[in-house]
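Shown next, in structure tokens, is the structure this report addresses.
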Amino acid sequence: MVYYFLEGGSFMWPILITLLFGIGFAIERFYSLMMSAVDSQTFFDEITSAIDENGATGAVQLCKETEGPVSAIFHAGLSRMHRGLGDVEKAIQNAGSIEMAFLEKNMIWLNAVITLAPMLGFTGTVVGMISAFDAIKAANDISPAVVAGGISQALLTTAFGLIVAMIIQTCQNLFVSRIDKLVLDMEEQSVKIMDHLYEQEIQKK
């Protein structure tokens, strides 16, 4: 692999930088999304029990002690219980939008790497082909050995650029799948918590 990297010429270095750049953001996204993981059903049961036993105060404290987007939207809503259920619902919706933006944070940089790496590879190939034909012209020799050597070097940048794009694309697809699941959890739990609060309000009457 090192041999092919060195044979690819100077354009291999910016492609390597994009790979390291992409891996850095992939690690950040992986850590962030894993930290957001929580058993939403168990957490919902704990929250509703806290609300039934101690009111919103106990539930808010439980939200503070729990990581993840579901706890964040619950905290935003339950901390406004004194304002009425209308404000609670609005707060949950607003917090959901904020949490969604947080979940998608830095995904744009993964897209940039996926786009940029192949483009650098193709550019390196074009530059390499130009250099190869210049070498043929200078040597005044169009033998297969001269032509194959130049073309092989030129195509290495395209191959490396595509490999980088495929690696980061795979990471991005995994993250998008995880984000979709977290967003679905937020939507489901927000509906359930509002249903629980409205039922509790009706029972009080």
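In the numbering used here, the protein residues as written are 9 to 213. For each residue, glycine too, the CB sits at the ideal point set by N, CA and C.
Beta carbon of Ala84 nearer than 8 Å to that of Ile59: Indexing the sequence shown from 1 puts residue 84 at position 76. Indexing the sequence shown from 1 puts residue 59 at position 51. Taking 8 Å as the Cβ cut-off, Ala84 and Ile59 do not qualify as a contacting pair.
8 Å Cβ cutoff met for Thr123 and Ile23: As a working mapping, residue 123 is identified with position 115 in the sequence shown. As a working mapping, residue 23 is identified with position 15 in the sequence shown. Cβ distance not < 8 Å, so Thr123 and Ile23 don't count as in contact.
Coil, strand or helix - Phe110 by DSSP: Translated into the one-based positions of the sequence shown, residue 110 becomes position 102. If DSSP states are grouped into helix, strand and coil, Phe110 belongs with the helices.
Met20, enclosing alpha helix (DSSP H) - first and last residue: Within the sequence shown, numbered from 1, the residue matching residue 20 stands at position 12. Start and end: 20–43.
Whole-number beta carbon distance between Val68 and Leu86, since they are thought to touch under 8 Å: To locate residue 86, count along the sequence shown from 1; it is residue 78. To locate residue 68, count along the sequence shown from 1; it is residue 60. That belief holds up - the Cβ atoms of Leu86 and Val68 are roughly 5 Å apart, short of 8 Å.
Spatial neighbours of Thr133 in its chain, beta-carbon cut-off 7 Å, leaving aside the 5 residues before and after: By one-based count along the sequence shown, residue 133 stands at place 125. So the list reads Ala162, Leu163, Thr165, Thr166, once near-sequence residues are dropped.
Buried/exposed call for Gly63, threshold 16 Cβ in 10 Å: Taking the first residue of the sequence shown as 1, we reach residue 63 at position 55. Here Gly63 is exposed: its Cβ has fewer than 16 other Cβ atoms, across all protein chains shown, within 10 Å.
Cβ-based neighbour list, Pro126, same chain, cut-off 6 Å, excluding 5 preceding and 5 following: Residue mapping note: residue 126 aligns to position 118 of the sequence shown, counting from 1. Excluding residues within five positions, the ones whose Cβ falls inside 6 Å are Gly169, Leu170, Ala173.
Buried versus exposed, by CB contacts within 10 Å (16 or more), Val78: Numbered from its first residue, the sequence shown carries residue 78 at position 70. With 16 or more other Cβ atoms within 10 Å, it is buried.
Collapsed DSSP secondary structure at Arg186 in the structure displayed: For the purposes of this step, residue 186 is taken as residue 178 along the sequence shown, with counting starting at 1. Correct three-state label for Arg186: helix.
Contacts around Gly104, its chain only, beta-carbon distance under 6 Å, and the 5 residues preceding and following it disregarded: Walking along the sequence shown from the start, residue 104 turns up at place 96. Once the five neighbours on either side are set aside, the close Cβ partners of Gly104 are Ile81, Met194.
Straight-line gap, Ala146 to Phe29 (C-alpha atoms, nearest Å): Taking the sequence shown and counting its residues from 1, one reaches residue 146 at position 138. Taking the sequence shown and counting its residues from 1, one reaches residue 29 at position 21. Using only the alpha carbons, I get a separation of about 38 Å.
Cut-off 7 Å between Cβ atoms - residues of its own chain near Thr74, not counting five sequence neighbours on either side: Residue numbering aside, residue 74 sits at position 66 when the sequence shown is read from its first letter. Contacts found: Val46, Phe51.
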